[in-house]
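Encoded as structure tokens, the structure appears first; notes follow it.
There are 2 protein chains.
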Amino acid sequence: MLSSIYQVARKSLLLAGLPEDAAKAILERARVRETERGATVFLQGERAAAVYIVIEGWVKLYRIAPNGAEAVVGVFTKGHSFGEAVAFTHDAYPVSAECATDCTLIRIETDAILRMVRDKPEFALSLLSATFAHLHRLVAQIEQLKAQTGAQRVAEFLLELVPDDASGKVEVKLPYDKVLIAGRLGMKPESLSRAFAKLREHGVKVKQNHAVIEHLESLRDYAEEDPATAWQKG
Amino acid sequence: MLSSIYQVARKSLLLAGLPEDAAKAILERARVRETERGATVFLQGERAAAVYIVIEGWVKLYRIAPNGAEAVVGVFTKGHSFGEAVAFTHDAYPVSAECATDCTLIRIETDAILRMVRDKPEFALSLLSATFAHLHRLVAQIEQLKAQTGAQRVAEFLLELVPDDASGKVEVKLPYDKVLIAGRLGMKPESLSRAFAKLREHGVKVKQNHAVIEHLESLRDYAEEDPATAWQKG
DNA sequence: TCGCCACCTTGACTTCGCTCAATCGGATTC
DNA sequence: GAATCCGATTGAGCGAAGTCAAGGTGGCGA
């Protein structure tokens, strides 16, 4: 395994808490998998066979509702792991995973996970912290869906792309295509378009896959504003 | 600890997978707590100090968004545990917990959890399965919010209250007040009212805190129908 | 038994996001 | 350079759900 790949995997929440030798033991058994955009990693309902770590590219986790609608539940990139929670049992995946771009993934068989948990029980704690991170993300997503308008969710999405130390005027690159952004934010592409248009009033200009935020702080204010009282500021 | 309380706690996902002696060891150190409706169990941002198991009553987990809106993230009752994921670190609770009715809770200190994990590492797997159950619930909730109309979510909510073996005509009791039901389903009480009104067309009659479902199967069909094509059936 | 209060329902209006459909723009191909 | 194609945008119309405000309705205490 290339050292650059190893380094990325090592920093994932799943492995970060482990001592060097344990991480090494796991990654030695793991396989690197190169996939194309659109490739399915696994499907909901499938028996869980592996945990994955994203090395490069973007993977979307989604569910197909009984009525056929697709609900995006998460989008992961470099250094993120997924499928942990289900790995230690032989349960079914509750979601499907698909590559939103060409990807490099690491695949760790559940057998390896189980063996590892048996050998070094502390490893279960790593599984737990990774799972907790997912839990936290989902809670945040529910909060967004329930408490914010579409445009506000888009604003928040943009703000998440901004480096922590930035301020004032910033330019960010949209990480994946707009259909997926829309899905991730629980709206249709048309609505995303209109949301971008609305954000122009708040100093956001979008051109292709780049967005310029004129003033970070005021966009933050907008994202956290109460939708019900927004009309007050003529 | 009363044997009846012990029995309920023992069946929770958190303890169900453990051998008798381990469960006993944990519950011996735990405390039973009686709370009144409206009591706060913990607040989001608080440092996690304990895991809870509901013995009796209903507890709501919620988040307050920056704009002040409340998003209900889960509602738990007899035999459910919450707060596990965060217990093994000294992280902050990502949500707040409040009693929606008078409750009997069991409180297990994180110290006891940590000691337990150290003594019997398999216990971490119990934490994991309980956490995974929460994860799964949240994913289902996101799917509902994104893929169903309000009335359909209400229908699904009612269907979850129905015993598995039922069919045809059923009567169910609404477990908590309508404000909370509305919150749980991501809508305002007024919208819940209107949703109930709409469900009358599908054989659902609501009176006080009782609902009569005229025909289970057709309500299921309605809940899973594609909102976009619902108009087709005059 | 009366009146009050909390909870729920209903009505009128507004806003938001979806659908359907037309169009645009940039990129690729011939 | 023209033809074409796909993703993105824009417009019109509609329905779902939110807001604000006005009535119920039932339970409980005086």
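Protein chains in written order, with the numbering used here: chain A, 616 to 849; chain B, 616 to 849. Using N, Cα and C, we set each Cβ at its ideal position, and we do this for glycine too.
Neighbourhood of residue i by C-beta distance below 7 Å, restricted to the same chain and skipping five residues each side
i: B:Gly729; result: Position check: residue 729 of chain B holds Leu in this sequence, whereas Gly was assumed. So the qualifying residues of the chain are Phe703.
i: B:Arg835; result: Leu774
i: B:Ala680; result: Ala686
i: A:Asn824; result: Lys788 and Leu789
i: A:Val785; result: Val777, Ile828 and Leu831
i: A:Met802; result: Gly765
i: A:Val623; result: Ile670, Lys693 and Gly694
C-beta contact flag for residue i and residue j at 8 Å
i: B:Leu633; j: B:Ile668; result: no
i: A:Val777; j: A:Val787; result: yes
i: B:Ala810; j: A:Ala762; result: no
i: A:Val666; j: A:Thr725; result: yes
i: B:Ala645; j: B:Ile721; result: yes
i: B:Thr764; j: A:Thr746; result: no
i: A:Glu643; j: A:Thr719; result: no
i: B:Lys675; j: B:Ala715; result: yes
i: A:Leu757; j: B:Val754; result: The sequence as given places Ile at residue 757 of chain A; Leu does not occur at that position. Cβ atoms of A:Ile757 and B:Val754: not closer than 8 Å.
i: B:Arg815; j: B:Val690; result: no
i: B:Pro736; j: A:Pro736; result: yes
Option nearest residue i by Cα separation, candidates the options
i: A:Ile641; options: A:Ala748, A:Ala727 and A:Ile670; result: A:Ala727
i: B:Gln759; options: B:Ser619, B:Val623, B:Arg644 and B:Glu840; result: B:Glu840
i: B:Gly904; options: B:Lys822, B:Val827 and B:Arg625; result: The structure shown does not extend to residue 904 of chain B, since chain B is modelled only from 616 to 849, so the question has no answer here.
i: A:Glu713; options: A:Glu643, A:Val821 and A:Ala686; result: A:Ala686
i: B:Ala748; options: A:Val794, A:Glu699 and A:Ala755; result: A:Glu699
i: B:Ser806; options: B:Arg652, B:Gln767 and B:His825; result: B:Gln767
i: A:Asp779; options: A:Val710, A:Glu832, A:Ser741 and A:Pro709; result: A:Glu832
i: B:Val656; options: B:Ser711, B:Ser808, B:Arg815 and B:Ile620; result: B:Ser711
i: B:Ser782; options: B:Thr746, B:Met802 and B:Val827; result: B:Val827
i: A:His817; options: A:Leu800, A:Leu740, A:Val623 and A:Ala838; result: A:Ala838
i: B:Arg678; options: A:Pro709, A:Arg644, A:His751 and A:Ser619; result: A:His751
i: A:Ser741; options: A:Val754, A:Phe697, A:Gln756 and A:Leu753; result: A:Phe697
i: A:Ser744; options: A:Leu617, A:Ser627 and A:Lys784; result: A:Ser627
i: A:Arg636; options: A:Asp734, A:Ala654 and A:Leu617; result: At residue 636 of chain A the sequence reads Asp, which differs from the Arg that was named. Measuring from the Cα of A:Asp636, the nearest candidate turns out to be A:Asp734.
Residues of its chain near residue i, where Cβ-Cβ distance is below 8 Å and the 5 sequence neighbours each way are ignored
i: A:Ala707; result: Gln659, Gly660, Glu661, Arg662, Ala663 and Val701
i: A:Pro804; result: Lys793, Val794 and Ala797
i: A:His705; result: Arg662, Ala663 and Thr725
i: A:Ile620; result: Val647, Ile670, Thr719 and Ile721
i: A:Phe772; result: Ile796, Arg799 and Leu800
i: B:Val819; result: Ala770, Leu773, Phe811, Ala826, Val827, Ile828, Glu829 and Leu834
i: B:Ala654; result: Glu713, Cys714 and Cys718
Same chain, Cβ closer than 6 Å to residue i, neighbours up to 5 away in sequence not counted
i: B:Thr692; result: Val669 and Trp673
i: B:Phe738; result: Met731 and Val732
i: B:Asp717; result: Glu651, Arg652 and Gly672
i: B:Val821; result: Phe811
i: A:Asn682; result: none
i: A:Tyr791; result: Trp673 and Ala715
Residue span of the beta strand (DSSP E) that contains residue i, given as start and end
i: B:Tyr667; result: Ala665 to Glu671
i: B:Glu724; result: Cys718 to Glu724
i: B:Ala826; result: His825 to Ile828
i: B:Lys822; result: Val819 to Lys822
Where the alpha helix (DSSP H) containing residue i begins and where it ends
i: A:Pro749; result: Looking at the sequence itself, residue 749 of chain A is His, so the reference to Pro does not match. Note, A:His749: alpha helix (DSSP H), Phe738 to Ala762.
i: A:Ala624; result: Ser618 to Arg625
i: B:Arg644; result: Glu635 to Arg644
i: B:Ala838; result: Leu831 to Glu839
i: B:Leu629; result: Leu628 to Ala631
Near the ligand GTP: residue i beta-carbon under 7 Å from a heavy atom
i: A:Glu649; result: Ligands displayed in this structure: none; no statement on the ligand GTP is therefore possible.
**Item:** Runs of beta strand (DSSP E) lying entirely within the segment 674 to 712 of chain B, each at least 3 residues, in chain order
**Value:** 674 to 679 and 685 to 691
**Request:** Jot down the residue ranges of each uninterrupted beta strand (DSSP E) in the segment 776 to 804 of chain B, minimum 3 residues, whole runs only, in chain order.
**Result:** 785 to 788
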